[in-house]
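All residue numbers for the sequence shown refer to this note's numbering, where the first residue is 13 and numbers rise by one. Built from N, CA and C at the ideal position, the CB exists for glycine as well.
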Amino acid sequence: RNPQNLQDVRQLSKLINTSADVYVATGFTQVVFPKTPIIQVVHDLIFMSHPQWNPTVHDFEVTYGKGFVKTIKRFLVPMLKILLHGYHGRWREALNGSPVTEVFVLGASYAVLRAKALIAVSLTTQEDLLKYYDITQPVRTLYPILEKNGAKSYFSRDSKDLIILYIANFEPRKNHRMAFEAITSLPEHIRSRTKLILLGKVSYESHRQQFMEQFNRFKEHIHIDCYNG
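Below is the structure:
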């Protein structure tokens with residue numbers, strides 16, 4: 013699980029150092045300080061490009077407890093600032109004084125700048141990396157791959173509807189809106205036979221209304237079911 017206090021951070025850092033030659037890090041929320049070389053997977057940099065979508069301090073207190081917020085303020089942010097002293101780049105423009113935003117931005121920057129190699133999940137993310145950082149290490153980009161003509165087989169005359177299951181908490185970084193827009197843009201004969209099922213829970217109360225407004229607006233045009241796990 014993601015570290016939620018100083019002890020967790022130290023234990024995970026120690027575990028990585030004592031059990032691995034290389035650490036593939038899949039998320040920035042795992043703010044750790046191992047000496048082991050890191051290959052960093054970057055899913056998005058939305059907390060930099062859209063800082064207004066970031067969780068609030070109150071969100072973090074409700075979700076993780078006030079003790080974790082104190083750890084961020086007293087240990088994680090100051091430590092990351094020390095480690096990143098001397099590094100410059102557009103990522104610093106996203107620092108806005110909120111300890112939550114700063115731990116996201118500083119944690120991501122520390123991971124990116126010390127990584128031996130970077131994996132971006134899309135061209136957009138790769139472009140954002142090059143926009144915010146002076147990258148010298150290699151960046152590999154992953155693409156979703158479909159078999160040739162595989163998509164057409166879903167919609168033969170005798171086929172059933174296509175059901176898409178999306179498991180992710182309801183928060184801006186999970187980009188449900190993009191999924192809604194993608195399905196909305198499909199041709200009508202495909203869109204009418206496509207059903208999107210969302211499974212997750214509300215991570216941060218400050219975003220509940222925003223998500224529900226988008227959900228209700230797009231539900232008028234596409235088939236969506238939502239289950240709060």
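Query                                                                                                                : Result
Residues near valine 133 by beta carbon distance below 6 Å, same chain, minus five either side                       : His55 and Leu154
Contact between the segment 45-61 and the segment 119-135 (3+ Cβ pairs under 8 Å)                                    : yes
Outcome for histidine 188 when other beta-carbon atoms lying within 10 angstroms are tallied against a minimum of 16 : buried
Cβ-based burial, proline 67 [other Cβ within 10 Å; buried from 16]                                                   : buried
Minimum length 3: unbroken beta strand (DSSP E) runs contained in the segment 17-59                                  : 35-37 and 50-54
Those residues which DSSP pairs with asparagine 240 across a bridge                                                  : Gly212
Alpha carbon of glutamate 73 to alpha carbon of serine 218, nearest angstrom                                         : 12 Å
Backbone secondary structure at alanine 180 - three-state DSSP                                                       : coil
Unbroken beta strand (DSSP E) run spanning alanine 303, endpoints                                                    : Here the chain comprises residues numbered 13 to 241, so residue 303 is not present and cannot be evaluated.
Lysine 137 (DSSP reduced to helix, strand or coil)                                                                   : The sequence given here has threonine at residue 137, not lysine. Threonine 137 falls in the helix class under three-state DSSP.
Candidates Tyr99, Lys78 and Trp65: closest to phenylalanine 116 by CA position                                       : Trp65
DSSP bridge partner residues for alanine 129 (one or two, in chain order)                                            : Ile51
Beta-carbon proximity of serine 215 to threonine 113, cut-off 8 Å                                                    : no
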